[in-house]
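Residue numbers (our numbering), protein chains in the order written: chain H, 1 to 487; chain Y, 1001 to 1487. Don't be surprised by glycine CBs; every beta carbon is placed ideally from N, CA and C. What follows is a set of notes on a single structure, which appears directly below.
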């Protein structure tokens, strides 16, 4: 799928699906020819990014007091029977291990679809007293679900994520953790990766199986559909009661604990990075996670001795050794190389030719804008650091202003349909996000061909506007909600 | 399993098995109460170490030109049928996935026991020309085998490792890679972790299923038994032929490639760290992978205002902020804290009391020796860096001299038995490590209750000594081999 000699050029905004499903192979991120459907091979160009992405989240989680753990990939069937709603939500899509060698297993083992039922039985052994709380652990791993439709980084039968499972003595502390989790998502997604997000409290009917409430982070894709990239579930005491996670408080009372779990969807965040920042020429990786930071391209004159140019390229690589830098010395034209590294999304290209050598300068070309900077070699290191920050800022501003201009108020079904079809989120007055709003949500989804109530913005207390009546049933609206089709 | 108020004290050399099976729980590395036999839960205290250990190896692999990849955890049954020897070696212990939800799968999927059969079918798609070679990829993952006997970090049904799978155009390059792999093992195990190792070419009958030769790294455990912690398999063209990994050379000839695979056993290296360096008081983590580098313990006087002592502890933590440092302010005696952090293997303890505050000094106590160093606060940072290096050197020298003094020549079965029983390796003249030596090896193993031929030292060309006759059959010996019981 390498585009030998052909320039990548697909209109991302007009043909997003074609763009995405071409660029992930053309840029050599994955191979989908593995012989189990829905399972893919991650190639080095995506793995460098995943490793950095994991580290960004792990660092933030650890700063927030989480510690690393690793639980078995397999979970006995009986564990799923403990929390009924959770079991109903997950067991239909579980892969089951039933044999070892030629022997039948006495009981089936699930490939973990998520780890509540693996972890909480151990939590009930570890937690005895209020002094054992809070307990905040995370694991970086893959999970397995028999999804019917799959697409790399959006939805797969095995995908990468982090799951953090926290236990608290009080509801108040548990609720505070939700805000902390949102801050971690904001820090990484928005500050480090330059992706604009919305944070929603999901409606009751769209809550994680077994949870009381779900809080989630949505990113708008170029086609206006929305992608959930992270979520925190407030579990209340549901699992604590099912798995007997109890502790003695200061006064010796035996109490059930309160729990939250937080899942940054590492795979989906990759989809968000690709889709948000890429352009018609290919990928644009934000500097925080780029597989390589800089590619240096020697501009050689045919028939001449270009030794000094090649030498200068390697000198610059040495000057920039704290970055991941590659000198592209292949026997190809500069134009071919420019296109290929643009397709692959490297943040900065440095061009070195006779002119740069004689002036002791480097020409820097950032991937995201039409700009060519002449920088003195001894200012190069500082300049790259500055440019990294500026590129991240530009990407963030672009993403934010796109999102801002694609949220539109609607007061009727027709308006909602029109807004969704043009690729925006519709902002509407809505009856309720509790169970009694479900009927309106079903009508809305049917009438708008998939428009879903994503929930209310967290911490904004948005007041109904205009008529202040539910856009579907016409009753007084309790909430302002956002409608989008979803991935 | 925390040793509330009781000092850990078990004679490691006399009762190694008891020591090991107590310390891993007492120091809170793992929990073995997970409800699937042979699968364990990794707690934070081991996970910090595993994360560092993975990064050490990944950095060395990348320096050597390997790139990261991630393949699916599941492998279809049919893939195992492609290389017959390999299949026979692995399928008896494979866990099989046979159902998804309530449905039967059309074909069984294995939980990967190792990834040759997953990766090489893709390699055959990726490799077309000599310009695609060498191809050097690694993945950090867990693998699954239905082992009958399990013990944390020695042998488990799911365990952590890295597998690097390399493809070359020529046998010569492939053979060179074996040496490079050994260098990576030496760098991490010996230089970074201070563990003395021996590098063996294994006898023919102890070769990886499907490989031509196996080269392996052994570490001596305190009971004299040996633990294989890493191995490189020279696959020749066996898998290339089975999986059709072919390339066109410069002249357009269609050729089969040559392959190697290298597996640093991350889990087993943890077992080696624990067993090699620990002492009767508990664990000793080498500074390169310690979960925390330094614990600061305030020495408080009861009934006094100790504010200045606590303040100084936090000042020092700030000075040493590039390290992972913990100030232990718990309401426990210093003696209790000393024992606990010694048990947990933290490399350096810093004690701060009135005296240290008034003299603007810190008392540093390295975990591995009876030493108390008074260091001026403004020299502390440099001193810690120096001390880290010195501790690693001490650990390495101790490990090396123990190994050196526990290798003994033997010229009869009786001598071998005596040497193995006293906890040493026996060094003997041996008929052959090719297939024709197997009979002697079987006799030796039977007669010595498990003594195994570990192979010949790599790159040493050791000449037979004394009688120069095979210690078993009395025929002229081709090799000097090492005999040990094994984990």
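C-alpha distance - residue i paired with residue j, whole-angstrom precision
i: residue 1471 (chain Y); j: residue 142 (chain H); result: 51 Å
i: residue 1414 (chain Y); j: residue 101 (chain H); result: 39 Å
i: residue 1161 (chain Y); j: residue 1058 (chain Y); result: 11 Å
i: residue 1227 (chain Y); j: residue 1265 (chain Y); result: 10 Å
i: residue 94 (chain H); j: residue 263 (chain H); result: 19 Å
i: residue 1335 (chain Y); j: residue 55 (chain H); result: 36 Å
i: residue 352 (chain H); j: residue 1248 (chain Y); result: 34 Å
i: residue 99 (chain H); j: residue 109 (chain H); result: 9 Å
i: residue 1208 (chain Y); j: residue 343 (chain H); result: 41 Å
i: residue 114 (chain H); j: residue 81 (chain H); result: 14 Å
i: residue 1 (chain H); j: residue 38 (chain H); result: Unreliable positioning characterises residue 1 (chain H) in this predicted model, as indicated by a pLDDT of 42, which lies under 50. A coordinate reading is not provided.
i: residue 1294 (chain Y); j: residue 1325 (chain Y); result: 5 Å
i: residue 223 (chain H); j: residue 1307 (chain Y); result: 60 Å
i: residue 389 (chain H); j: residue 383 (chain H); result: 10 Å
i: residue 10 (chain H); j: residue 1253 (chain Y); result: 38 Å
i: residue 1012 (chain Y); j: residue 1197 (chain Y); result: 20 Å
i: residue 486 (chain H); j: residue 225 (chain H); result: 5 Å
i: residue 1329 (chain Y); j: residue 1337 (chain Y); result: 10 Å
i: residue 85 (chain H); j: residue 233 (chain H); result: 14 Å
i: residue 1104 (chain Y); j: residue 1366 (chain Y); result: 58 Å
i: residue 1453 (chain Y); j: residue 1199 (chain Y); result: 13 Å
Short Cβ contact (8 Å threshold) for residue i with residue j
i: residue 1287 (chain Y); j: residue 1273 (chain Y); result: no
i: residue 1434 (chain Y); j: residue 1204 (chain Y); result: yes
i: residue 1239 (chain Y); j: residue 1120 (chain Y); result: yes
i: residue 127 (chain H); j: residue 242 (chain H); result: no
i: residue 1220 (chain Y); j: residue 1406 (chain Y); result: yes
i: residue 1033 (chain Y); j: residue 125 (chain H); result: yes
i: residue 291 (chain H); j: residue 313 (chain H); result: no
i: residue 428 (chain H); j: residue 456 (chain H); result: no
i: residue 1260 (chain Y); j: residue 1177 (chain Y); result: yes
i: residue 327 (chain H); j: residue 296 (chain H); result: yes
i: residue 1149 (chain Y); j: residue 1156 (chain Y); result: no
i: residue 316 (chain H); j: residue 350 (chain H); result: yes
Neighbouring residues, chain Y, relative to residue i (Cβ below 8 Å)
i: residue 97 (chain H); result: 1095, 1096, 1097, 1098 and 1111
i: residue 122 (chain H); result: 1031, 1033, 1034 and 1041
Chain-ordered chain H contacts of residue i [CB-CB under 7 Å]
i: residue 1070 (chain Y); result: 42 and 47
Chain-order list of residues whose beta-carbon lies under 7 Å from that of residue i (same chain, five-residue window excluded)
i: residue 412 (chain H); result: 471
i: residue 1271 (chain Y); result: 1153, 1154 and 1227
i: residue 1158 (chain Y); result: 1039, 1142 and 1144
Interface residues of chain Y facing residue i [CB-CB closer than 7 Å]
i: residue 74 (chain H); result: 1036 and 1039
i: residue 51 (chain H); result: 1068
i: residue 158 (chain H); result: 1072 and 1073
i: residue 142 (chain H); result: 1073
Integer-rounded CB distance, given that residue j should sit under 8 Å from residue i
i: residue 1184 (chain Y); j: residue 1060 (chain Y); result: 5 Å
i: residue 1348 (chain Y); j: residue 1387 (chain Y); result: 7 Å
i: residue 1381 (chain Y); j: residue 1444 (chain Y); result: Contact doesn't hold; Cβ gap of about 54 Å is too wide.
i: residue 214 (chain H); j: residue 206 (chain H); result: 7 Å
i: residue 1047 (chain Y); j: residue 31 (chain H); result: In fact, because the Cβ distance is near 30 Å, the residues do not count as touching under 8 Å.
Contact list for residue i against chain H, beta-carbon separation under 9 Å
i: residue 1101 (chain Y); result: 91, 92, 93, 94, 95, 96 and 146
Chain-ordered chain Y contacts of residue i [CB-CB under 9 Å]
i: residue 149 (chain H); result: Those do not exist, as residue 149 (chain H) stays about 15 Å from chain Y at its closest Cβ, beyond 9 Å.
i: residue 125 (chain H); result: 1031 and 1033
Cβ-based neighbour list, residue i, same chain, cut-off 6 Å, excluding 5 preceding and 5 following
i: residue 1236 (chain Y); result: 1212
i: residue 187 (chain H); result: 60
i: residue 1089 (chain Y); result: 1209
i: residue 1028 (chain Y); result: 1043 and 1045
Residues of its chain near residue i, where Cβ-Cβ distance is below 8 Å and the 5 sequence neighbours each way are ignored
i: residue 491 (chain H); result: A query on residue 491 (chain H) cannot be resolved here, the shown segment of chain H reaching from 1 to 487 and no further.
i: residue 50 (chain H); result: 42, 160, 266 and 270
i: residue 16 (chain H); result: 221, 222, 223 and 275
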